[in-house]
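**Q** Numbering (this note's numbering), first residue to last: 425 to 605.
1) For residue 459, count the other beta carbons within 10 Å of its own beta carbon; 16 or more makes it buried, fewer makes it exposed. Which is it?
2) For residue 475 and residue 579, I'd like the C-alpha separation in whole angstroms.
3) Check residue 482 in the structure and name its three-state DSSP category.
4) Ignoring anything shorter than 4 residues, give me the alpha helix (DSSP H) runs that lie fully in the region 548-591, in order along the chain.
5) Could you check whether the region 429-447 touches the region 564-572, counting it as contact only if at least three pairs of C-beta atoms, one from each stretch, sit closer than 8 Å?
6) Can you tell me which of 567, 556, 453 and 503 puts its alpha carbon nearest to the alpha carbon of residue 605?
7) When you compare only the Cα positions, how much space is there between residue 493 and residue 485?
8) Is the CB-CB distance between residue 567 and residue 597 below 7 Å?
9) To the nearest angstrom, report how far apart residue 515 and residue 523 are at their CA atoms.
10) Taking just the CA atoms, how far does residue 553 sit from residue 589?
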């Protein structure tokens, strides 16, 4: 089972250890990961552990020949053959709602890569997984992220306290957004 999503400019493939260098480049960069809960990744070994876990998840779909065998989906986003970003999709237990996430290497900011990739993952989720409700979260100070969600057509539905970003010692606030398609 070949898992690949194509758009006019991008190719999305299962994320895994083959992308260690490029993932660690953006995941280990404090500026790139400033508002992320679980990043920056300080050690390459931590990045490799994450990528190995992700690859094992994709292997479940391969073995079962069923995309629904995965508990979650992490995609590498390739632009002009270069790994520029990652998009994640984490369905809930009912598989009726999924949480979206994304990160773009700062070297590729401003090219519309994440927007195009997220739209492709939304279509994949609706068409292949029959998921039609999506949520996403961001730090309330991450203006670029919440504007991005609004550009996607998402609506802010909540604001919470208690967020802890790995790159910050202070308790943060976060927004929750929703999209139904």
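Backbone N, C-alpha and C fix where the C-beta goes; we use that ideal spot for every residue, glycine too. Quick caveat: nothing in here was measured; it's all calculated off a predicted structure.
**A** Let's see:
1) Of the other Cβ atoms in all chains shown, 16 or more fall within 10 Å of the Cβ of residue 459; this residue is therefore buried.
2) Each residue's alpha carbon lies about 31 Å from the other.
3) Residue state, collapsed to three classes: helix.
4) The qualifying runs are 567-575.
5) Cβ pair count under 8 Å is below three, so no.
6) Looking only at 567, 556, 453 and 503, the smallest Cα-Cα distance to residue 605 is reached by 556.
7) Distance between the alpha carbons of residue 493 and residue 485 is about 5 Å.
8) Going by beta carbons, residue 567 and residue 597 fall outside the 7 Å limit.
9) Rounded to whole angstroms, the gap between the alpha carbons of residue 515 and residue 523 is 6 Å.
10) Taking the straight line joining both Cα atoms gives about 30 Å.
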